[in-house]
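Single-structure report; data block below.
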């Protein structure tokens with residue numbers, strides 16, 4: 497009998513989970529779309545920014561000429577009312593932007609959360625108290641309201657600091673805002689884990705052998721935390737995607753001519769009665785992405801810790 | 027001032043064009059949205075309730091001296107606030123802009139030299155409490171607008187026109203009735219004097235327009251000598267506790283501002299048809315419902331049930347529903363004949379361009395030449411939005427309008443609807459300087475973003491780079507009126523409508539600091555002198571020629587980029603008439619409306 501590493505065991509469990517595999521497939525598809533999609537599409541002539549005035553009817557208030565939102569061989573998912581921009585190209589561009597925002601924010605969230613959690617849990621005492629109150633404070637903030645209210649002044653501040661104005665500043669603002677308000681949950685989780693791990697024999701052994709703090713924190717404790725961190729990250733990412741859609745629906749995200757899912761949805765609700773496909777297509781695209789991430793996150797948790805009930 | 031923000035087409039574009047009127051035959055033909063016109067034979071009957079549905083949370087103002095939105099001037103003028111003169115109810119552009127006597131017995135007597143106007147009040151006029159409506163009440167109402175610190179935001183033509191001395195800084199020496207000393211009050215009483223039922227106005231310059239200006243912010247208010255404690259300054263009319271005293275056919279029974287709030291008007295027993303030649307007062311009551319989602323109002327009125335059949339939508343129909351209700355911009359579809367009404371709105375939509383930030387006229391012209399105005403119109407709502415504008419003065423302003431030739435060679439070459447990028451590049455080359463990178467301000471709405479996308483693509487064809495300067499709709503004018511604000515771009519979206527049928531209410535506000543809409547920061551002494559000159563011209567046709575020339579000069583120098591002569595399209599529940607837009611205010615003809623069974 498050959499011994500298997502934890503990684504191999506988890507992977508084997510995941511592979512048996514058909515839903516997880518399906519979700520993983522979907523996510524890989526989305527990821528590929530986001531990375532190479534915009535370039536491939538524009539190489540084939542699908543441009544997210546080009547107006548197609550021949551496909552919309554000024555006599556009908558700018559609605560697409562063809563039924564079902566202008567779906568045709570030329571525009572497989574239809575065209576945007578008013579401008580005639582290709583919805584497929586917009587979706588893929590929006591996907592890239594959404595994933596850039598959500599992935600960067602997740603990475604930053606995890607980094608901050610892990611560092612604060614590690615430090616608070618390991619050192620305890622005054623440091624733990626301060627970190628704990630800080631986490632309480634962050635968790636108590638009305639997150640959504642603050643992001644909406646601070647959007648204009650802080651985006652402007654970023655521009656003043658030298659970030660290119662416009663969408664660069666806005667994207668950076670979102671990433672920073674998501675992370676600064678989002679790390680506290682993971683911080684708490686990590687802190688709790690660290691407190692239990694630091695009393696374990698292998699840590700005491702390391703201490704007894706004279707290992708330094710850095711070695712103990714990052715070499716002994718952190719490797720035992722990657723499972724909850726991974727699960728947390730896979731559940732945070734889709735939450736950020738959905739959250740970005742929500743606030744861009746409310747008008748605080750990237751500006752024209754770029755669009756993300758929320759911006760497309762905000763524009764499409766006006767046409768819900770007349771061009772329902774315009775709402776359903778980006779809506780479905782978004783729901784599938786978020787659900788796939790969530791299901792995969794759940795499956796990953798099950799695979800890492802089959803005994804946990806949920 | 028401000029128009030509905032959340033709406034599609036103009037939303038957020040025309041945030042605050044002032045309420046206004048238009049005059050005379052529009053070349054495009056009169057609006058056609060008529061259905062059941064009242065006829066002499068069967069005649070509309072008295073009775074019933076008409077509902078007015080609005081997305082606003084409350085009236086911007088219910089104070090006779092502060093109301094400045096066309097639709098509100100029309101509504102309150104028809105129901106509770108009469109003036110010395112008013113406009114006739116008619117669908118016809120010329121008739122609908124004709125002044126008729128209201129509280130006065132005629133439309134005013136002007137002296138030979140144009141310096142004195144006199145009006146005589148009708149007999150038997152009363153306030154809703156049964157007290158007499160006196161000449162002093164008219165004078166008091168007019169004097170209130172001078173208290174600009176307390177009463178700000180309303181029209182102030184009296185300050186501009188009446189012979190009350192000015193301070194060196196251009197403010198009036200009379201501070202309004204609330205804080206005036208006896209000497210200061212005497213300054214006003216000298217200019218506006220009462221002798222029994224006769225009221226006399228002295229002008230500071232020869233003035234042939236003063237009776238038109240009387241329709242704006244000059245309704246009477248109970249004077250404090252006869253009605254102590256009725257006028258409470260800036261709080262007059264804002265809630266149930268301070269309902270304005272009515273002199274029209276209805277009185278305010280209940281006013282609850284806020285989302286879900288309403289205003290109910292019931293008959294005023296102290297008004298009689300004998301003293302009013304204008305208003306018909308058919309319905310027994312009016313109910314205004316506030317804070318309604320405009321899309322929801324559309325849904326309710328497209329297929330109305332219950333009392334919604336007696337309802338009118340105050341704001342324009344949502345752009346996405348326009349093809350359902352109107353077969354072309356001015357004609358309702360068969361199903362909505364007699365329910366949908368459309369006409370030119372009072373507003374011209376345009377881009378302001380800060381002439382200090384883009385000092386080179388060829389650069390400003392290049393923007394105008396390069397943009398794809400056809401694509402922009404399609405993006406913001408298609409043909410329903412309006413006609414391509416050639417200047418700030420709109421065709422429904424009557425004799426003051428003339429095509430400036432913007433699209434037919436004013437800049438040297440005709441400009442097709444999709445723009446002429448090659449010509450724009452020529453202009454930039456001719457300017458001798460590189461085109462600066464542009465920032466365009468617009469209200470951050472879904473439609474605003476589409477508008478920007480269409481603008482950007484058009485300009486890009488001529489190598490002009492423009493970045494989005496989206497601003498929150500509520501802060502838009504605060505930011506673009508502040509030259510030091512970092513978010514302010516070199517140009518942006520706006521709109522303006524005249525206050526009364528004379529282009530002085532367009533040219534002066536847009537290109538001088540007098541009227542408060544000089545977004546382009548124009549300061550041109552020769553131009554201002556020409557405006558003064560035109561203002562002093564008493565021959566109306568000669569004056570119209572002067573306005574046409576000034577309108578053309580402004581476009582020639584590219585101080586603005588005209589975009590659209592806007593249309594407005596409105597909807598009723600079906601059992602309300604008559605269905606047309608009153609040209610005077612681009613509004614429903616509230617004073618002659620009735621319900622049908």
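Protein chains in written order, with the numbering used here: chain A, 497 to 806; chain B, 27 to 623. Glycine included, every Cβ here is placed at the ideal spot set by N, Cα and C.
Uninterrupted alpha helix (DSSP H) stretches inside the region 671 to 730 of chain A (no shorter than 4 residues) = 697 to 704
task = Compute the distance between the beta-carbons of residue 304 of chain B and residue 128 of chain B, then report whether it is under 9 Å.
result = yes
query = Given a threshold of 16 other Cβ atoms within 10 Å of its Cβ, counted over all protein chains shown, does residue 596 of chain B qualify as buried or as exposed?
reply = buried
For residue 372 of chain B, the first and last residue of its enclosing beta strand (DSSP E) = 366 to 379
task = Flag residue 592 of chain B as yes if its beta-carbon sits less than 9 Å from any beta-carbon of chain A, otherwise no.
result = no
task = With a threshold of 16 other CB atoms inside 10 Å of the CB of residue 298 of chain B, please say whether the residue is buried or exposed.
result = exposed
task = Compare the beta carbon distance of residue 322 of chain B and residue 240 of chain B with 9 Å and say whether it is the shorter of the two.
result = no
message = For a contact defined as C-beta to C-beta under 8 Å, what are the partners of residue 406 of chain B on chain A?
response = 558, 578
message = I'd like the ranges of any beta strand (DSSP E) spanning at least 3 consecutive residues and lying wholly in the region 471 to 529 of chain B.
response = 492 to 497, 517 to 522
message = Quick check on residue 111 of chain B: does DSSP put it in helix, strand or coil?
response = strand
Chain A within 9 Å of residue 16 of chain B, Cβ atoms only = This structure gives no information on residue 16 of chain B, because the portion of chain B shown stretches from 27 to 623.
query = Counting only beta-carbon atoms, is residue 767 of chain A nearer than 9 Å to chain B?
reply = yes
key: Any chain B beta carbon closer than 9 Å to residue 547 of chain A   = yes
task = Classify residue 705 of chain A as buried or exposed, calling it buried when 16 or more other Cβ atoms lie within 10 Å of its own Cβ.
result = exposed
message = So for residue 78 of chain B, helix, strand or coil by DSSP?
response = strand
query = Cβ of residue 317 of chain B less than 9 Å from any chain A Cβ?
reply = no
query = Would residue 593 of chain A pass as a contact of residue 756 of chain A if the rule is Cβ separation under 9 Å?
reply = yes
ask   = Is the Cβ-Cβ distance between residue 202 of chain B and residue 169 of chain B less than 9 Å?
value = yes
query = What is the residue span of the beta strand (DSSP E) that residue 467 of chain B lies within?
reply = 464 to 469
query = Does the beta carbon of residue 662 of chain A sit closer than 9 Å to a beta carbon anywhere in chain B?
reply = yes
query = Quick one, which residues of the region 467 to 483 of chain B are near chain A if we go by CB-CB under 7 Å, in chain order?
reply = 470, 472, 475, 476, 478, 479, 480, 482, 483
Neighbour flag for residue 588 of chain B against chain A, beta carbons, 9 Å = no
request  = Spell out whether any CB of chain A is found under 9 Å from the CB atom of residue 409 of chain B.
outcome  = yes
task = Anything in chain B within Cβ reach of residue 586 of chain A, meaning under 8 Å, just list it in chain order.
result = Simply none; closest approach about 10 Å.
request  = Would you identify the three-state DSSP class for residue 236 of chain B, choosing helix, strand or coil?
outcome  = helix
key: Buried or exposed (CB count within 10 angstroms, at least 16 for buried), residue 34 of chain B   = A caution first: residue 34 of chain B carries a pLDDT of 29, below 50, which makes its placement in the model unreliable, though a value can still be read off. So residue 34 of chain B counts as buried.
inquiry  = Is any non-hydrogen atom of the ligand PLP found closer than 8 Å to the C-beta of residue 521 of chain B, if you look at the structure I gave you?
reply    = This structure does not include the ligand PLP; it has no bound ligands of any sort.
request  = Would you list the one or two residues that DSSP bridges to residue 5 of chain B?
outcome  = This structure cannot speak to residue 5 of chain B, because chain B is shown only from 27 to 623.
request  = Step through the CB atoms of chain B and report whether any lies within less than 9 Å of the CB of residue 656 of chain A.
outcome  = yes
key: Secondary structure of residue 618 of chain B, DSSP reduced to three states   = helix
ask   = Within 10 angstroms of its Cβ, does residue 558 of chain B collect 16 or more other Cβ (buried), or is it exposed?
value = exposed
ask   = Going by C-alpha distance, which of B:340, B:257, B:512, B:407 is nearest residue 83 of chain B?
value = B:340
query = Rounded C-beta distance between residue 371 of chain B and residue 593 of chain B? I'm assuming under 8 Å.
reply = 6 Å
ask   = With DSSP run on the structure shown, which of helix, strand or coil describes residue 557 of chain A?
value = coil
ask   = Excluding sequence positions up to five away, which residues of its chain have a Cβ less than 7 Å from the Cβ of residue 278 of chain B?
value = 106, 269, 270, 272, 289, 291
inquiry  = Taking 9 Å as the threshold (beta carbon to beta carbon), is residue 193 of chain B in contact with chain A?
reply    = no
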